[in-house]
Structures are given as structure tokens and as C-alpha cells.
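Chains as they are written, first to last, in this note's numbering: chain A, 1 to 114; chain B, 1001 to 1112.
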């Protein structure tokens, strides 16, 4: 069964606005990651948050993790047209760290209009 | 993006053809992965190689055959594929113990 589910599936905003994407998962995790994918390209790692962390920042990115609700959010502040991409959350599962197995959500497609 | 390269970038093949996808990582990593990305579906993990040994095979049909001759190279051999196998095939690498994976640009495969 799918581990990560993201919402919204699509998001369209104006440049300068903030974008928030959410991810829910089902099993216990060691960590949760967010990746970005430009159309038809490979994924690029953005940020990793561990299960004992609640919030993490990296530049204009802010990630929160609520293990009691099994959910995470990615906030992009002051968005730019170059932020247009699909964003995926990925989780490992407790006990799977030796294999590097990640389970990805379906992703949120973000469009930032100039 | 040059840390992990994939060739070819685009491939069109008939159902009776045999082709191979190639992935090379220049990051000194010791784990490599094949993923399949189809439209409207989550990224699906196909194979995991750790220290050149296959450690994960997610019930992938035998018409997909991986090969990892060394820690820098990963192949996916394709034969008698079906149209539903058309997808973006992504390769990734990582260092064991580091959860971050580094992806190649993918091979866009179309099976006619």
C-alpha cells in the first residue's frame, strides 16, 4: 500500500506567495525527505527531517513533522517562477534503513506564475 | 545533476526488441537503485543494489533484468516489454548509511 500521500495534488500561486504542501504516511519512520522534480527530469533532494525532529529550515524551505499524526508539511516562502516543479515526500520505514528503500508519495505539482 | 548520468535519455522500442538502460554514478557511492515513474502513479522502486549485490527486488517482472558490474555502473536489460512498461526510468545512488539519494535525469521509454 502507498506510504506517502500528498495534498494538494496541484497548486497554482503567484510569484511571491507562499506554497504549502502536505504529506501523510502510514507506518513508523526513521526520517522523511522532500524531493523536487522538474518536468521529465530526475529528482533533487531538498531536505531531510528525522523522526525526533519537529521542524527544519533550509533557505526558503520550512519542513515540519508530526509523528503523532503521521504527517509532514513543506512550506516554500516567497515563491519564484523557478520553483515550478513537482514535489515529493519520501519515507523510509523503521527496519528498512539497511536497504535504503524509500517510499514516495504521488507528489504535488506546483505552478508559480510570474 | 552530473553526479548520476543515464543513457539513453529517450528510447522507443518494439515489444520484441532487446535493449539496455545504463546508469553511471560519479559520486563514490556504494548503493544504486532503479525506479519506474509512470503518469499518475507514485515512483516505484524496482531494484536496489548494495555493495554490488541485489538486496531488493520489488516483484518486478522477469522481462526487466538488472545488472551491477561494479559500484559505479548499473544496467537495466529489457526484453519483450509491454506497452504498459512505457515510463520514465530513473536511476539513483546513495552512500550506505546516508538516507539521501541522488537521481539521474532518467530514460524516457516508449514501448510500441
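We put the beta carbon where it would ideally sit given N, CA and C, even for glycine.
Check the Cβ of residue i against every Cβ in chain B and list those closer than 8 Å, keeping chain order.
i                    : result
residue 48 (chain A) : 1099 and 1100
residue 92 (chain A) : 1099
Note down the Cα distance separating residue i from residue j, rounded to an integer number of angstroms.
i                      : j                      : result
residue 109 (chain A)  : residue 48 (chain A)   : 20 Å
residue 1091 (chain B) : residue 56 (chain A)   : 28 Å
residue 1065 (chain B) : residue 84 (chain A)   : 35 Å
residue 1049 (chain B) : residue 1018 (chain B) : 22 Å
residue 53 (chain A)   : residue 63 (chain A)   : 10 Å
residue 1096 (chain B) : residue 1032 (chain B) : 10 Å
residue 1063 (chain B) : residue 106 (chain A)  : 25 Å
residue 1028 (chain B) : residue 1072 (chain B) : 7 Å
residue 8 (chain A)    : residue 23 (chain A)   : 9 Å
residue 1061 (chain B) : residue 1080 (chain B) : 11 Å
residue 70 (chain A)   : residue 1109 (chain B) : 35 Å
Can you list the residues of chain B that residue i reaches, using a CB-CB cut of under 9 Å?
i                    : result
residue 54 (chain A) : Ordered by position in chain B, no residue passes the 9 Å Cβ test against residue 54 (chain A), which lies about 18 Å from the chain.
residue 57 (chain A) : By Cβ distance, chain B contributes nothing, its closest Cβ being about 17 Å from residue 57 (chain A), past 9 Å.
Can you tell me whether DSSP reads residue i as helix, strand or coil?
i                      : result
residue 1084 (chain B) : helix
residue 153 (chain A)  : The requested residue 153 (chain A) does not occur in the structure, where chain A is confined to residues 1 to 114.
residue 1057 (chain B) : strand
residue 22 (chain A)   : strand
residue 1051 (chain B) : coil
residue 1071 (chain B) : coil
residue 1098 (chain B) : coil
residue 1015 (chain B) : coil
residue 1043 (chain B) : coil
residue 86 (chain A)   : strand
residue 64 (chain A)   : strand
residue 91 (chain A)   : strand
residue 28 (chain A)   : coil
What residue range is occupied by the uninterrupted beta strand (DSSP E) comprising residue i?
i                      : result
residue 1107 (chain B) : 1107-1111
residue 47 (chain A)   : 43-50
residue 1039 (chain B) : Run containing residue 1039 (chain B): none; DSSP gives neither H nor E here.
residue 1030 (chain B) : Looking at the DSSP string, residue 1030 (chain B) is not in any beta strand (DSSP E), and its letter there is neither H nor E.
residue 55 (chain A)   : 55-58
residue 9 (chain A)    : Run containing residue 9 (chain A): none; DSSP gives neither H nor E here.
residue 113 (chain A)  : 108-113
residue 1009 (chain B) : Premise fails: residue 1009 (chain B) is in no beta strand (DSSP E) and is neither H nor E.
residue 1063 (chain B) : Where residue 1063 (chain B) is concerned, there is no enclosing beta strand (DSSP E), given that its DSSP letter is neither H nor E.
residue 72 (chain A)   : 71-76
residue 123 (chain A)  : In this structure chain A extends from 1 to 114, so residue 123 (chain A) is not present and cannot be described.
residue 31 (chain A)   : 31-37
Run down chain A in chain order and give the residues with a C-beta less than 9 Å from the C-beta of residue i.
i                      : result
residue 1105 (chain B) : 40, 41 and 42
residue 1045 (chain B) : 101, 102, 103 and 104
I want to verify the contact list: residues of chain B whose CB lies under 7 Å from the CB of residue i, in sequence order.
i                     : result
residue 105 (chain A) : 1042
residue 31 (chain A)  : 1099
Taking Cβ-Cβ distances shorter than 8 Å, what residues in chain A pair up with residue i?
i                      : result
residue 1088 (chain B) : 40
For a contact defined as C-beta to C-beta under 7 Å, what are the partners of residue i on chain A?
i                      : result
residue 1031 (chain B) : 100
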